[in-house]
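*Asks:* Each residue of the sequence shown is one higher than the one before, counting from 595 in our numbering. Each residue gets a CB set at the ideal place from its N, CA and C atoms; glycine is no exception.
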Amino acid sequence: MKQTDLTSAYGLIHLPAKVTLAAVEKPDGGYNLITLEWFMRTSIQPPMFAISIGHSRYSHECLLESRYFNLIFPSVEMKPLCAMAGSSSGRDTDKLDLGKVDFLPGKLHKLPVPKDAVAVFECEVTSQVRSGDHTIFVGEVRYSWANPDRTLLVYS
595 MKQTDLTSAY GLIHLPAKVT LAAVEKPDGG YNLITLEWFM RTSIQPPMFA ISIGHSRYSH
655 ECLLESRYFN LIFPSVEMKP LCAMAGSSSG RDTDKLDLGK VDFLPGKLHK LPVPKDAVAV
715 FECEVTSQVR SGDHTIFVGE VRYSWANPDR TLLVYS
């Protein structure tokens, strides 16, 4: 073991990685998708997840306006959507339309539930904390969806 810089140490543990998508409501109507790697389950009872979003991201602005998000665990088939959602801004792009996402409206605020996802958790933001250049949004799971016929996307 030797001391090193953060980038070198993080490079050793970064992969394999799970990614998720979050669906949020745009302030002017419609929905946005953001690709996330920083997320975690934070409570069993009540069930809760936390997501971390950079202050400069459009989805950050969206979550400050509408306090709901769907945490989407993508299938292998959704890899192109994850790449597109992580490399374009919802300020300029309708990612659901561009990605030809087949979805049904969720029960909580009608946020999209992609039919190809492995699992989707509809969450209501209950708290948030500033963490450097990101905000951690903690959401209580209100509804859960599962698709056992799909394989979870993992980057290696």
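Can you tell which of 743, 724, 688, 747 has the C-alpha that lies nearest to the C-alpha of residue 648?
*Replies:* Considering only alpha carbons, the answer is 724.
*Asks:* Please state whether DSSP places residue 728 in a helix, a strand or coil.
*Replies:* It is a strand residue.
*Asks:* Counting along the chain, where does the alpha helix (DSSP H) carrying residue 666 start and finish?
*Replies:* Note, residue 666: premise wrong, no alpha helix (DSSP H); beta strand (DSSP E) at 662-667.
*Asks:* Return the residue from the list 671, 681, 732, 600 that minimises the CA-CA distance to residue 626.
*Replies:* Considering only alpha carbons, the answer is 681.
*Asks:* Do residue 645 and residue 731 have their beta-carbon atoms positioned less than 8 Å apart in this structure?
*Replies:* In this structure, residue 645 lies closer than 8 Å to residue 731 by Cβ.
*Asks:* Keeping to the same chain, check which residues put their C-beta closer than 7 Å to that of residue 605; ignore five residues upstream and five downstream.
*Replies:* Result list for residue 605: empty, nothing under 7 Å.
*Asks:* What are the uninterrupted segments assigned as beta strand (DSSP E) that are 3 or more residues long and contained completely in the stretch 613-696, given in chain order?
*Replies:* Complete beta strand (DSSP E) runs here, min 3: 614-619, 625-630, 633-637, 642-648, 662-667.
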